[in-house]
Structure formats: C-alpha cells, structure tokens
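Protein chains in written order, with the working numbering: chain A, 67 to 329; chain B, 264 to 537.
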C-alpha cells in the first residue's frame, strides 16, 4: 500500500477555465477549481449541472473544448500514477455470474496492458483491497448477490487495487439507504486518513457530503460557490441554484427538491 | 455411434461444428453480458444480402457474406455510438433491409429456392474439404482474439466507463468485437443457418449462466454445452434424418431447460442451508 504524500501547497486537481458542450448544449462554461492533495472535496449541483461531465473530463474519457486541467501535476491520461474511479454502480444482466474477486481484479486491467492476464500477485492485491473495505470474506460470491452497499464497497476496492492517490467518485451512494450511505462515507474517510488519499466525489446527498467533506464545490455550468461546507450551505448561490428560499429560512437543511433523486 | 463417426463427411461436419460451436459459445457469454442478442439476429439476417451479392457477382458467397456482414455490423455500431438512434432501431432498420436485398437479389438467380433454404437453415453435412479449411480458419482466428483479449472484452462489457478511464481503447475494442461477431456468424451460417445462428449466440451462455458461479465457469459450461449439442445434434440429425441446424439448436435448448431446472433447485437448496 502506498501512502500518498500530501503537501499543503500541492493541488491534486487543478481546473482552469474549462469549457465543454454536447453539440449545441453548453455544459461547462469556464469552470475553475482546485482540490488540494489529501483532502475530500465534494462536487454538488442539480441534475444537468455538468458534474458527471467534469468527472469524465478529468478521467480523460472526454476531451475539453477549452481550458486547462491538471491531475497530480499532469494533464488527464498522462499522469504516471493511476486514478481510482468509483461509478454509481454497474448494471449487469440478471443472473450474470461475475464474482466479487473478478470485479475487484478489473482494477488491475488498465495497468496490465492488452492481452496480459492477471497473475497471482494481482489476485493478492485485489484480495488486499477487498479486505481494506471489509469485503475480504466475500471474494467468491456472485457480485449480483450482494446488497447495494456491499457492491459499492467492492467498487471502491476495485478502484484501490492499483494503489491510486486520487479517487474520483461519481454519485457513489445513489440508491443506497441511509445506513449504507453512512457506512460508505466512513469507509472512504478512513481510507483517506490512512493512505493520504484525495477524494473528489460528485453527489446528490448534499447533507451527507457536507458532514464528511472538507470542501464543497457547487457546480451549475460554472462554479457558483466553493469552500468549507458550512459556508457553501449558507451561501445565497446554493439557494439560487436549487431555486430554494434564502438560506436563513432553512438554516441547516438540504434543498428539498434534491431529496429522493437518484442520479 | 461408431458407424456415424466412420463417414468422411460426418467427420468434417463434426470438426467444423465443434470449433464453430466453441467460438459461438465464448462469444455468447459477451452477447449475454452486453445484451446484444438482437445484434446477432440482425447481423445473421444481413448476411443473406451478402450471400446474394456473392452469388450474383460470382464471388464465393461465404466471403461476400463475411465482408457484407462486417460492414453492416460496423455501421450499426457507428450509428449507435453517435447516439442519435437507439441500437434497437438501427438494427431494426438494417436487418430487414439487408435481408430484403438478399431475397430480391436471390430471386434473380435460378437456384433461388434451394440456395435460400440452404443458407436459412444451414447444412453442415454439405461442408466440403475447401469450405472446411476456410471455416476452421475463421473460427480459429475469432477464438484466438477472444482468448487473447478476454479480460478487455469483459471489462468493457461490465463497465465501459471505468474501462475507458483505465485507458482501454474502447472504440477499437468495440469494433473488433463486432467484427469477430460478424465473421463468426457468417462461418456458423453453414452450421446452423441464418435463422438459427443467433440462437447459438445466446443459448449456450444462458445454459452456462444458470449453473456457473464465476465468469470462467460460465465460459466453460457454455463451451461444454455447445460441444455436446453439436455432437448430439449431428448424431440425431443423421439418425432421424433431421436438418442438422434444427437438431443442434433443439438439443442446446433442451440442455438449457435442464440446467435451468437444476440451477433453481440448487439455488433453493443453498438458500435453505445458508
């Protein structure tokens, strides 16, 4: 296991004046943000605000139409270190018998290269990653037989197999019940502390991430507010983005319109 | 059974059938994973257009069908990737169009009925020595690519976004997969025919899925059930004078229902004991 060094001045993610559109639909309109190494930053915003698009740009799956990005000091896809990616979930056909171990092993596939098979050492690493999220016993089970919360932990393990210093999470708790969400966040926060991981997490659960993250970034095509959760929750921008009465009316609550949405 | 195995044409049919069956069975795992059963139907029917073009143009129908099917598969893949038309719709447009083209062109040639039936329902017992090498070559190459890039196709089928984030060349792999699918379908056309080849791209994997506990287990069971179906299907076809394609697919379906029942009993027991 790598312990990631985090120095105060080093940014894990730097985005400057980023533009992106799907055809004529402008999604990102000059996004600028920074995530410091070793911190937990949460990306919040309504549906269609561009959260997933921003993550896909950072992962190198999409190419920006303008602006600059650097991840761990390098352009996306060029950084010499792996990035862990945790999606909302994976949808398999009913009854497809892929095992928990097989899913975790996929975290090694990018590094192995085309046509090379995972070795015993890769399995060892996958087992270690499963253990680190409390799923070490369940490697032989069918992935589909697990609960939603357990499946998400396996996906965290998959992201950890390559020992990344940065985890990018896209709505990882959508569809989980409150208890499973709480366990999820305690798992990733433990990992953040133990390994010095940087977490960048898009989420609809404003209340949940506000409790765990050090920084909230409110995105609505541009960054509307960024800073410690308390400041962002109290900001006028949050009320505007969610078309919500001014913050002083609902001091500590979450925008109602956002609850119960799954992604 | 021994007498059955002593004929040269049966030996050729068996050899071709076993290799094609194994290739289809491995492909079937990905067809099930990626919910591509309808693409299999689309490509196989489009192959008829290629056969007709080959017959009219004086090119080997198998080669013409191969090239034509690969092109149709790529167009379906390309249109789907652009995201303006759904995959179902793209296949729904190409499948009847290419097949209609095939029927129209074939009706221009004299041997229409006989040829058409041969391609629609297959006749593996008619595989000649030259076809044999060609079909074995196609199946061998497809099987080789599948074996080499198994983990990549699996990753792509399970979670394309994560696979792309990990740096896998997703577009290249997707087109490669469509190419193998089209080539195997055309090769298997001789075995079970256009109408039944799509069944062979689903049923073995469905059988494997009911009993397996891992992807590798599913692949092994899928291949095993396809091999047993080819041998038993050909034997029954020889014994009762049935069309070989139909008897192979019927036997494969029987195996599926058996394993389905076995699987549900097994799962119920394991739930009770847990």
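Backbone N, C-alpha and C fix where the C-beta goes; we use that ideal spot for every residue, glycine too.
Annotated three-state conformation of residue 227 of chain A is coil, per DSSP. Residue 124 of chain A has its alpha-carbon roughly 25 Å from the corresponding atom of residue 158 of chain A. Look at the beta carbons and you see the stretch 127–139 of chain A not touching the stretch 274–286 of chain A: under three pairs across the two are nearer than 8 Å. Going by C-alpha positions, residue 95 of chain A is about 14 Å away from residue 135 of chain A.
The C-beta of residue 349 of chain B comes no closer than 8 Å to any C-beta of chain A.
One thing to note: residue 220 of chain A has its Cβ no nearer than 8 Å to the Cβ of residue 174 of chain A. Residue contact check for residue 422 of chain B against chain A: a CB pair falls below 8 Å. Between residue 447 of chain B and residue 149 of chain A, the alpha-carbon positions lie close to 37 Å from each other. At the C-beta level, residue 307 of chain A and residue 111 of chain A come within 8 Å of one another. The CB of residue 168 of chain A comes closer than 9 Å to the CB of 417, 421, 477, 478, 479 in chain B, given here in chain order. Taking a Cβ-Cβ cut-off of 8 Å, the neighbours of residue 295 of chain B in chain A comprise 159, 162, given in sequence order. In this chain, the alpha helix (DSSP H) harbouring residue 287 of chain B covers 271–296. By a beta-carbon distance limit of 8 Å, residue 275 of chain B contacts residue 390 of chain B. Their separation comes to about 5 Å.
Membership of residue 135 of chain A in the beta strand (DSSP E) is indicated by the continuous run 132–137. Look at residue 453 of chain B: its C-beta is not under 8 Å from any C-beta on chain A.
If you ignore the 5 residues before and after residue 201 of chain A, its C-beta comes within less than 7 Å of the C-beta of 166, 216, 219, 220, 223, all in its own chain and listed in chain order. Around the beta carbon of residue 400 of chain B, fewer than 16 other beta carbons lie within 10 angstroms, which makes this residue exposed. At a beta-carbon threshold of 7 Å, the residues of chain B lying near residue 127 of chain A are 424, 427, 428, ordered along the chain. Taking C-alpha positions only, residue 248 of chain A is separated from residue 336 of chain B by approximately 46 Å. The DSSP-derived three-state label of residue 349 of chain B is coil. Between residue 309 of chain B and residue 361 of chain B the beta-carbon gap is near 4 Å, inside 8 Å, which marks them as a contact. Excluding residues up to 5 positions away in sequence, 150, 151, 152, 173, 233 lie with their Cβ nearer than 7 Å to the Cβ of residue 225 of chain A in the same chain. The straight-line gap separating the alpha-carbon atoms of residue 235 of chain A and residue 320 of chain B is approximately 55 Å.
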